[in-house]
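Going letter by letter, the sequence shown gives residues 874 to 936 in the numbering used here. Using N, Cα and C, we set each Cβ at its ideal position, and we do this for glycine too. Since this is a predicted model, take the numbers as computed values, not measurements.
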Amino acid sequence: MAEQTPQKSGTAEGKRKMSLAEKIIRIVFKIVLGIILLIAVAALLILTPPVQNFIKNKATTWL
């Protein structure tokens, strides 16, 4: 029986190259995820009293 040497993951030999389509999909996914997170953070900030006061003051001075 011949012993098999384990493949080293994390080296250049163990990784395969991503196709252009996979790279584009990953970039688009990260952009969409970033936009969703930005909207979620903004929505949570609007619920806090200091941000509500800031928005109220800006709105009243604008009007």
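| Item | Value |
| --- | --- |
| What's the gap between the Cα of residue 898 and the Cα of residue 936? | 44 Å |
| Out of curiosity, what's the CA-to-CA distance linking residue 930 and residue 923? | 11 Å |
| Between which two residues does the alpha helix (DSSP H) holding residue 896 run? | 893-919 |
| Hey, quick one: how far does the alpha helix (DSSP H) through residue 929 stretch, first residue to last? | 922-935 |
| Can you find a heavy atom of the ligand PLP that lies under 8 Å from the Cβ of residue 903? | Here there are no bound small molecules, and the ligand PLP is not part of this structure. |
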